[in-house]
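Remarks on the structure that follows.
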Amino acid sequence: MAAELTAHQLIAKHRPTLDQALETIRTRAYWSPHPEHPKAYGENGSLSLPEGKAAFDALQGTRFDLDQPGTDDWVGGEVSPYGPELGITYPHPDIDTLLPAMRAGMRAWRDAGAEVRAMVCLEILSRISARTHEFAHAVMHTSGQAFMMAFQAGGPHAQDRGLEAVAYAYVEQSRTPDAAEWTKPQGKRDPIALNKRFTPVARGISLMIGCNTFPTWNGYPGLFASLATGNPVLVKPHPRAALPLALTVRIAREVLADAGFDPNLVCLAVERPDEGIAKTLAVRPEIKLIDYTGSTSFGDWLEANARQAQVYTEKAGVNTVVVESTDNYKGMLANLAFSLSLYSGQMCTTPQNLLIPRDGIRTDAGAKSYDDVVADLAASVNGLLGDDARANGILGALVNPDVKSRLEAAAGLGEVALPSREIANPEFPDAVVRTPVIVKLDGAKPDAEAAYLSECFGPVSFAVAVDSATDAVELLRRTVRDKGAMTVGAYTTSEEISAAVEETCLEECAQLSLNLTGGVYVNQTAAFSDFHGSGGNPAANAALCDGAFVANRFRVVEIRKDA
Numbered sequence: 378m379a380a381e382l383t384a385h386q387l388i389a390k391h392r393p394t395l396d397q398a399l400e401t402i403r404t405r406a407y408w409s410p411h412p413e414h415p416k417a418y419g420e421n422g423s424l425s426l427p428e429g430k431a432a433f434d435a436l437q438g439t440r441f442d443l444d445q446p447g448t449d450d451w452v453g454g455e456v457s458p459y460g461p462e463l464g465i466t467y468p469h470p471d472i473d474t475l476l477p478a479m480r481a482g483m484r485a486w487r488d489a490g491a492e493v494r495a496m497v498c499l500e501i502l503s504r505i506s507a508r509t510h511e512f513a514h515a516v517m518h519t520s521g522q523a524f525m526m527a528f529q530a531g532g533p534h535a536q537d538r539g540l541e542a543v544a545y546a547y548v549e550q551s552r553t554p555d556a557a558e559w560t561k562p563q564g565k566r567d568p569i570a571l572n573k574r575f576t577p578v579a580r581g582i583s584l585m586i587g588c589n590t591f592p593t594w595n596g597y598p599g600l601f602a603s604l605a606t607g608n609p610v611l612v613k614p615h616p617r618a619a620l621p622l623a624l625t626v627r628i629a630r631e632v633l634a635d636a637g638f639d640p641n642l643v644c645l646a647v648e649r650p651d652e653g654i655a656k657t658l659a660v661r662p663e664i665k666l667i668d669y670t671g672s673t674s675f676g677d678w679l680e681a682n683a684r685q686a687q688v689y690t691e692k693a694g695v696n697t698v699v700v701e702s703t704d705n706y707k708g709m710l711a712n713l714a715f716s717l718s719l720y721s722g723q724m725c726t727t728p729q730n731l732l733i734p735r736d737g738i739r740t741d742a743g744a745k746s747y748d749d750v751v752a753d754l755a756a757s758v759n760g761l762l763g764d765d766a767r768a769n770g771i772l773g774a775l776v777n778p779d780v781k782s783r784l785e786a787a788a789g790l791g792e793v794a795l796p797s798r799e800i801a802n803p804e805f806p807d808a809v810v811r812t813p814v815i816v817k818l819d820g821a822k823p824d825a826e827a828a829y830l831s832e833c834f835g836p837v838s839f840a841v842a843v844d845s846a847t848d849a850v851e852l853l854r855r856t857v858r859d860k861g862a863m864t865v866g867a868y869t870t871s872e873e874i875s876a877a878v879e880e881t882c883l884e885e886c887a888q889l890s891l892n893l894t895g896g897v898y899v900n901q902t903a904a905f906s907d908f909h910g911s912g913g914n915p916a917a918n919a920a921l922c923d924g925a926f927v928a929n930r931f932r933v934v935e936i937r938k939d940a
């Protein structure tokens with residue numbers, strides 16, 4: 378089939394975007410080509426909000442056919458955290474048929490070169506961006522995110538992360554020239570001359586194992602890093618969040634075909650209930666790369682058992698905030714309240730442990746005891762979520778019953794400073810919406826330690842009383858070293874404590890946010906500028922996104938000849 382998109386057309390259309398992305402990952406400045414506001418869509422071929430909703434509605438109750446080889450069944454079963462059953466079925470793969478078919482297009486994809494691969498990836502992202510409103514509803518009704526968060530995090534922010542991965546992939550592949558003339562002088566004899574060619578060669582099929590909470594935001598970095606470096610990508614979504622990644626695969630296959638490449642370079646693998654297809658795929662010899670976001674237990678299993686593959690994991694950690702002093706008490710409380718509440722704490726970056734000296738802290742509003750700080754934070758959360766309509770827009774819905782169970786059990790771990798309450802969602806009466814719980818714990822008690830040194834994913838936070846700020850820093854160090862952390866926060870006006878926290882995070886390899894009191898929160902990161910995770914502590918073995926995240930997805934093969 379003749380290509381509808383030539384390399385020249387793709388380069389003319391997308392090279393300026395790639396160049397800006399390359400410049401931005403160098404400067405770490407703010408930039409995004411993907412609008413954050415819903416009203417920015419609806420022109421130039423992009424879907425408006427009503428059109429996106431209609432497109433999402435039209436998918437429900439249908440068979441999501443991708444025309445990919447090896448389909449032996451149709452599977453589904455997604456139920457929105459807001460209540461409705463989606464009723465969509467997806468192709469289930471015969472692995473022995475699908476994997477060889479995915480490898481068939483690798484040669485042409487390799488020979489296209491790094492620039493063309495990048496341009497094809499950017500075209501995929503461009504078409505995804507045009508359907509951001511459709512993706513927003515798909516993310517909302519599989520993850521439980523409130524619409525605005527699903528729109529932004531599942532749309533432009535995820536697309537930014539995908540583009541960022543493409544930019545890093547291009548940098549690493551173009552670090553070595555395509556060709557070189559090599560001449561070595563030999564004194565009075567003729568010099569030795571060689572012509573050399575250097576070709577980035579893919580590792581093999583890449584398996585992307587999606588998560589329930591952020592299927593696109595967490596999925597796109599690995600998907601596009603692998604595809605841009607020449608690897609076919611098999612997308613294995615979470616069974617409760619298949620739709621956003623199925624839409625992604627459909628668009629990717631359409632673009633690959635339009636550009637004259639084999640669409641089977643990107644395929645989908647949705648599993649039957651309790652099938653555990655990820656374990657089966659992860660140890661197949663054809664799988665050479667794995668990207669995974671999810672539980673520590675399965676991430677550890679992948680790292681230990683998928684020995685034939687390069688495995689990139691983002692697992693779980695115990696995110697910690699040291700509260701020692703502040704010159705903006707009101708701003709600190711407001712910032713923490715929003716951080717604890719956003720998406721019902723169902724983010725891998727949400728703070729869990731707040732380490733507060735039992736003798737209290739110094740603030741611009743005067744000295745505050747430990748009890749004062751906890752009570753004032755509880756009041757700030759109540760103020761933020763006091764209006765049910767606003768609360769629904771911030772909290773979203775609990776993604777699964779396990780989160781609800783952890784939330785209910787947390788109240789029995791200590792003195793409850795802020796009880797969780799149920800909030801009704803008028804639009805979706807079946808949605809499970811709960812406000813956060815804050816539990817007071819004594820950091821010196823062994824039974825309390827068992828609670829706060831275990832990850833409690835969801836809207837649960839522990840206000841841990843410690844003997845001093847120095848003890849807080851030491852507990853922070855032990856937490857990151859033993860349990861890992863995706864994020865660390867600290868509030869202090871002391872240069873000594875600030876330096877101690879910074880040194881701890883440098884030594885234990887954790888990303889730190891200091892004294893955030895405005896509109897940026899410890900659980901948010903910006904593509905092209907912020908690193909998500911570090912890859913240097915137990916919470917994750919990779920960072921999104923840096924050179925190390927892409928450089929090992931390909932090898933450079935040299936062919937040399939006499940000149």
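The opening position of the sequence shown corresponds to residue 378 in our numbering, with each subsequent residue numbered one higher. Note that beta-carbon positions come from the ideal geometry of N, C-alpha and C, so glycine has one too. Bear in mind the structure is a predicted one, so any value in this text is a computation, not a measurement.
Any C-beta of chain C under 7 Å from that of residue i
i: Ile-874; result: Absent from the structure is chain C; it holds one protein chain and no more.
First and last residue of the uninterrupted alpha helix (DSSP H) at residue i
i: Arg-684; result: Note, Arg-684: premise wrong, no alpha helix (DSSP H); not H, not E.
i: Pro-483; result: First, the amino acid is wrong: residue 483 is Met here, not Pro. Where Met-483 is concerned, the enclosing alpha helix (DSSP H) stretches over 483–488.
i: Val-897; result: First-last for Val-897: undefined, no H or E at that position.
i: Leu-666; result: It is not in any alpha helix (DSSP H) - Leu-666 instead sits in the beta strand (DSSP E) that spans 664–670.
i: Tyr-823; result: Residue 823 is actually Pro in this sequence, not Tyr. Looking at the DSSP string, the run of the alpha helix (DSSP H) that includes Pro-823 is 823–829.
i: Tyr-959; result: With the chain covering 378 to 940 only, the question about residue 959 has no answer from this structure.
Bridge partner(s) assigned by DSSP for residue i
i: Phe-839; result: Asn-730 and Val-816
i: Cys-882; result: DSSP, once it has assigned bridges, lists no residue as partnering Cys-882.
i: Cys-644; result: Leu-611
i: Lys-561; result: Ile-569
i: Tyr-467; result: Val-452
Between the CA atoms of residue j and residue i - distance to the nearest angstrom
i: Asn-918; j: Ala-513; result: 29 Å
i: Pro-458; j: Ala-618; result: 10 Å
i: Pro-446; j: Pro-640; result: 11 Å
i: Arg-574; j: Gly-895; result: 52 Å
i: Ala-646; j: Val-610; result: 10 Å
i: Pro-393; j: Leu-666; result: 30 Å
i: Met-496; j: Ile-388; result: 6 Å
i: Asp-442; j: Val-456; result: 19 Å
i: Asp-741; j: Asp-704; result: 5 Å
i: Gly-708; j: Ala-686; result: 46 Å
i: Ala-861; j: Gly-422; result: What sits at residue 861 in the sequence shown is Gly, not Ala. Distance between the alpha carbons of Gly-861 and Gly-422: 44 Å.
i: Glu-500; j: Gln-550; result: 19 Å
Collapsed DSSP secondary structure at residue i in the structure displayed
i: Val-543; result: helix
i: Glu-792; result: strand
i: Leu-436; result: helix
i: Ala-920; result: coil
i: Ser-890; result: strand
i: Ala-940; result: coil
i: Val-865; result: strand
i: Tyr-689; result: strand
i: Arg-504; result: helix
i: Met-724; result: coil
i: Ser-746; result: coil
i: Tyr-418; result: coil
i: Phe-524; result: helix
i: Thr-697; result: strand
i: Ser-457; result: coil
i: Ile-582; result: strand
i: Asn-589; result: coil
Range covered by the beta strand (DSSP E) that runs through residue i
i: Arg-566; result: 566–579
i: Pro-616; result: Here Pro-616 belongs to no beta strand (DSSP E), and DSSP marks it neither H nor E.
i: Gly-453; result: 448–453
i: Leu-382; result: Element bounds for Leu-382: n/a, residue is neither H nor E.
i: Ile-800; result: Counting along the chain, Ile-800 falls outside any beta strand (DSSP E), and DSSP gives it neither H nor E.
- Message: Would the stretch 730–739 count as touching the stretch 690–709 if we require 3 or more Cβ pairs under 8 Å?
- Response: yes
- Query: Do the stretch 742–751 and the stretch 853–861 make contact, defined as three or more Cβ pairs closer than 8 Å?
  - Reply: no
- Query: Are the stretch 531–542 and the stretch 445–465 in contact at 8 Å, needing three or more beta carbon pairs?
  - Reply: no
- Decide yes or no for the touch test of the stretch 505–519 against the stretch 424–431: beta carbon pairs closer than 8 Å, at least 3 of them. yes
- Query: Hey, is the stretch 765–776 in contact with the stretch 793–812, meaning 3+ C-beta pairs nearer than 8 Å?
  - Reply: yes
- Message: I'd like to know if the stretch 904–917 and the stretch 681–700 are in contact, where contact means that at least 3 CB-CB pairs between them fall below 8 Å.
- Response: yes
- Query: Looking at C-beta atoms only, is the number of pairs between the stretch 629–639 and the stretch 657–664 that lie closer than 8 Å three or more?
  - Reply: no
- Task: May I ask you to verify whether the stretch 832–849 touches the stretch 892–908, counting CB pairs closer than 8 Å and requiring at least 3?
- Result: no
- Does the pairing of the stretch 627–635 with the stretch 462–471 give three or more beta-carbon distances under 8 Å? no
- Message: If contact is defined by three or more beta carbon pairs under 8 Å, each pair taking one atom from either stretch, is the stretch 920–928 in contact with the stretch 709–725?
- Response: no
- Counting Cβ pairs closer than 8 Å, one from the stretch 536–555 and one from the stretch 408–420, do we hit at least three? yes
- Three or more C-beta pairs below 8 Å linking the stretch 886–894 and the stretch 560–572: no
- Touching or not, the stretch 474–483 and the stretch 598–605, by the rule of three or more beta carbon pairs under 8 Å? no
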